[in-house]
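Heads up: the sequence shown begins at 0 in numbering that gives the first Met the number 0, then just goes up one per residue. Everything on this sheet refers to the single structure shown next.
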Amino acid sequence: MKTFVTAIGLTVGLALGSTAAADADTARTPAPSWHACADAPAEAQCADIQVPLSWARPDGPTISLHVSRLPALDPTHRIGAMVVVPGGPGIPGAEVMAEQGRMLAPAAIQQRFDVIGFDPPGVGASTAVTCGGAALPTDVAVFPRTRAQFEAVEHQSAAYGASCVRNSAPGLVANVDAVSAARDLDVIRAALGERTISYLGFSWATLLGQNYARLFPHRIRTMVLDGAIDHAIGARTFLTQQASELSTVFGQFARWCSQAASCALHGQNVTALWDGLLARATQTPIPAPHAAGGATTVNADTIRMVLPVLLEDGPTSSIVPSTWKTLGKALAQTQAGDASLLADNSEVGQPKDAYTAMSCQDFPPQLHGYADAADRLKQINFPHTGATSEAWLMTDLCSQWPARSADPWAPQRITGTRPILVANTRYDPSSPVEWAHGLHREIKNSGLLVANAAGHLAFFNSDCARTAETNYLMTGRLPVPDVCSS
């Protein structure tokens, strides 16, 4: 998973636990005041709108949401607005779509839709969560092997969380969850003057999208949820399934890298080289003299936590560069003594302000002390990769988070929508295909598209899936067949 006014009057009165929500009033919601976006093509337009800080108090304090728009290239045949959320938690969607939307969105969609991006609450140019320092410093164990190491993880979680609360707007940290973002999205829809919206959401944005579908089922024209999150599975299954799938995909990477001429480790035993680097870094951290961040060396934990980042875009990725090639290059450089590229791509040692706050709200680890943590690590000790996963990173970051989760684990049970398309690769290190099957079962009248490819997100790792998703978004007709061969 992973990867910018004036207060508006809304006719809403919502309880956070409700499965129904009052729509934002299109007639009474002011239209955005569009202006040029910073560092984006001239055609990109940006605006800021106000939404409630807490939807438990819709008439209370407000925060700002940053929104971008790329107008339809064929306005005569314009269908409507399509919201594209490029993932997360913590990705500034308004900035990404303003700057890169013409590259990321298929040409057919750009012709017929206004392409809309937005920064969820807490992110980017919206009212943002601000913390301090690295979320998980290099001197804190990622995979605690002793009670003392675990206590250091808990201390870091509490301290980082306290910095986020202290440095952010009052009450913000407790309200940066996918349910709040879904309600904010309906304000955006109303401000755009649209009766319904189309939606293309990736990774974390599938959680946002399914909440929107649950709360506002009649406001959806078409919706693709790619790289699905099944919020019904609970914290332990979330961890186990993701760590297992990452281990499987790492094995695929190692075989590909050994065989592919485009990989820097072509012809070598990549798994043995990986194991050797971990053993070497356990004894003596490897220098990273050219790293862009603060780390000057990498230990074994830091190396392991490169995998959630660099296994994302597989060798068939055609929209964005293959991160598998970057991983091969980084390992080759590290073998030669320079781990700078690994350091720059590790989850360790990086500031993760909005990412951490949103993760702890949407994916609480429900951890009960050192014995529980040790048991979980024992259960997911996979060959070569151990417990490596984004889910374990969230477990560390959220072990002592100061705000109670506003979006606890629970099934969605979505009904009353037009057909929704759930999509996934068969081998996804971040969103295992089991999650797509689970989400498909929770959304009545949905379709499921599985691409026989490796990497996070079918849209970016399968030309077939990207075409099928685009055709569905244009027509509303679910793809047949429901499997892409590549």
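Ideal placement from N, C-alpha and C gives every residue a C-beta, glycine not left out. Note that the structure is predicted; figures quoted are calculated from it, not measured.
Cβ-Cβ distance between residue i and residue j below 9 Å
{"i": "Pro85", "j": "Gly59", "result": "no"}
{"i": "Leu392", "j": "Val141", "result": "yes"}
{"i": "Ser398", "j": "Leu420", "result": "no"}
{"i": "Val178", "j": "Val172", "result": "no"}
{"i": "His65", "j": "Ala104", "result": "no"}
{"i": "Ala329", "j": "Leu310", "result": "no"}
{"i": "Ser63", "j": "Ala39", "result": "no"}
{"i": "Ala422", "j": "Ala452", "result": "no"}
{"i": "Trp273", "j": "Pro314", "result": "no"}
{"i": "Val83", "j": "Gly200", "result": "yes"}
{"i": "Gly475", "j": "Arg194", "result": "no"}
{"i": "Val223", "j": "Val175", "result": "no"}
{"i": "Ala259", "j": "His265", "result": "yes"}
{"i": "Ile302", "j": "Ala335", "result": "no"}
{"i": "Gln411", "j": "Ala287", "result": "no"}
{"i": "Ser316", "j": "Gly208", "result": "no"}
{"i": "Pro119", "j": "Gly87", "result": "yes"}
{"i": "Gly160", "j": "Trp400", "result": "yes"}
Proximity winner among the options, relative to residue i (alpha-carbon distances)
{"i": "Ala435", "options": "Phe237, Pro407 and Gln251", "result": "Phe237"}
{"i": "Cys45", "options": "Ile187, Gly87 and Thr145", "result": "Ile187"}
{"i": "Leu326", "options": "Ser261, Ala353 and Pro216", "result": "Ser261"}
{"i": "His76", "options": "Ser485, Met473 and Leu477", "result": "Met473"}
{"i": "Glu346", "options": "Leu330, Val319 and Glu389", "result": "Glu389"}
{"i": "Glu98", "options": "Leu309, Glu42, Ile48 and Phe149", "result": "Glu42"}
{"i": "Ser358", "options": "Leu396, Gly275 and Ala242", "result": "Leu396"}
{"i": "Gln241", "options": "Ser316, Tyr426, Trp323 and Ala464", "result": "Tyr426"}
{"i": "Asp185", "options": "Asn210, Ala353, Pro169 and Gly170", "result": "Asn210"}
{"i": "Val114", "options": "Gly100, Gly233, Ala181 and Arg254", "result": "Gly100"}
{"i": "Ser445", "options": "Thr466, Asn460 and Thr416", "result": "Thr416"}
{"i": "Asp73", "options": "Gln110, Asp361 and Met304", "result": "Gln110"}
{"i": "Cys36", "options": "Asp47, Ala30 and Pro407", "result": "Asp47"}
{"i": "Pro382", "options": "Leu245, Ala71 and Ile413", "result": "Leu245"}
{"i": "Pro350", "options": "Ala133, Pro70 and Ala23", "result": "Ala133"}
Start and end residues, alpha helix (DSSP H) containing residue i
{"i": "Leu340", "result": "Ser339 to Asp343"}
{"i": "Arg188", "result": "Ala177 to Leu191"}
{"i": "Phe149", "result": "Arg146 to Asn166"}
{"i": "Leu103", "result": "Gly92 to Leu103"}
{"i": "Ala353", "result": "Asp352 to Asp361"}
{"i": "Arg440", "result": "Val432 to Glu441"}
Below-9 Å beta-carbon distance, residue i vs any chain B residue
{"i": "Val128", "result": "Any reference to chain B falls outside this structure, which holds one protein chain only."}
Residue i - partner residues in DSSP beta bridges
{"i": "Ile115", "result": "Arg68 and Val82"}
{"i": "Thr296", "result": "Pro286"}
{"i": "His34", "result": "Cys45"}
{"i": "Thr61", "result": "Pro51"}
{"i": "Gly385", "result": "Phe381"}
{"i": "Ile413", "result": "Ile442"}
{"i": "Ala127", "result": "Gly121"}
Extent of the continuous beta strand (DSSP E) run through residue i
{"i": "Asp47", "result": "Gln44 to Pro51"}
{"i": "Thr474", "result": "Per DSSP, Thr474 belongs to no beta strand (DSSP E); it is in the alpha helix (DSSP H), Asp462 to Thr474."}
{"i": "Asp395", "result": "Counting along the chain, Asp395 falls outside any beta strand (DSSP E), though it belongs to the alpha helix (DSSP H) covering Glu389 to Leu396."}
{"i": "Thr25", "result": "Where Thr25 is concerned, there is no enclosing beta strand (DSSP E), given that its DSSP letter is neither H nor E."}
{"i": "Ala133", "result": "Taken as a continuous stretch (DSSP letters only), Ala133 belongs to no beta strand (DSSP E), as it is neither H nor E."}
{"i": "Arg425", "result": "Ile419 to Tyr426"}
{"i": "Ala452", "result": "Ser445 to Ala453"}
{"i": "Gly200", "result": "Ile196 to Phe201"}
Tell me the start and end of each unbroken alpha helix (DSSP H) in the region 302-343 that is at least 4 residues and wholly inside, in chain order. 306-309, 322-334 and 339-343
Unbroken stretches of the beta strand (DSSP E), 3 residues or longer, contained in the region 206-263: Complete beta strand (DSSP E) runs here, min 3: 219-225.
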